[in-house]
Amino acid sequence: MSPDKVARFLNVYEKAAKAVNPSLPHLHQHLFRHARAMHLYQAGMPLPLVSELMGHSQLETSLIYAYADTGMKRAAVDKIISAENSVFTNEKFRYQDDEETIKELYGLA
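Per this note's numbering, residue 62 is the first one in the sequence shown, and the count goes up by one each step.
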């Protein structure tokens with residue numbers, strides 16, 4: 062199907078949809094393409110694969126899809142706060158004295 066034919070279909074359905082809800086955005090092919098790429102990225106598909114699937118020649122072109130929504134942020138936080146993935150340990154802080162730390166960093170201790 063040609064891009065022009067798709068645009069004609071979208072125009073017909075856009076008019077019908079806007080009769081029900083005038084606040085809907087303008088429908089165009091790229092809107093669906095962008096939505097599909099975002100869903101793939103949010104579902105965990107790596108950005109280089111999304112970029113390849115979209116046919117982008119450079120990864121930078123796909124960076125428009127690379128933002129974290131609230132759900133992705135929540136999942137990341139849940140992952141790092143679990144006991145086996147925690148970055149926090151009961152290990153005692155190694156450097157207690159600033160003077161000793163500076164000496165160690167400069168190789169004087």
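C-beta: ideal position from N, C-alpha, C; glycine also.
Remember, predicted model here, so these are calculated numbers, not experimental data.
Which value, in whole angstroms, describes the spacing of the CA atoms of residue i and residue j?
{"i": "residue 62", "j": "residue 72", "result": "15 Å"}
{"i": "residue 143", "j": "residue 96", "result": "32 Å"}
{"i": "residue 129", "j": "residue 163", "result": "39 Å"}
{"i": "residue 127", "j": "residue 110", "result": "12 Å"}
{"i": "residue 123", "j": "residue 106", "result": "13 Å"}
{"i": "residue 203", "j": "residue 80", "result": "This structure gives no information on residue 203, because the portion of the chain shown stretches from 62 to 170."}
{"i": "residue 68", "j": "residue 102", "result": "26 Å"}
{"i": "residue 119", "j": "residue 112", "result": "8 Å"}
{"i": "residue 82", "j": "residue 141", "result": "42 Å"}
Hey, out of the options, whose CA is closest to residue i's CA?
{"i": "residue 104", "options": "70, 159, 133", "result": "133"}
{"i": "residue 115", "options": "84, 92, 136", "result": "92"}
{"i": "residue 90", "options": "126, 65, 120", "result": "65"}
Here's the rule I'm using: 16 or more other beta-carbon atoms within 10 Å means buried, otherwise exposed. How should residue i be labelled?
{"i": "residue 84", "result": "exposed"}
{"i": "residue 78", "result": "exposed"}
{"i": "residue 136", "result": "exposed"}
So that I know if they touch, is there some Cβ in chain E lying closer than 8 Å to that of residue i?
{"i": "residue 134", "result": "Protein chains in the displayed structure number just one, and chain E is not present."}
**Message:** Extract the residue ranges of the alpha helix (DSSP H) inside the region 82-168, only unbroken runs of 4 or more that lie entirely within it.
**Reply:** The qualifying runs are 90-103, 108-115, 131-142, 159-166.
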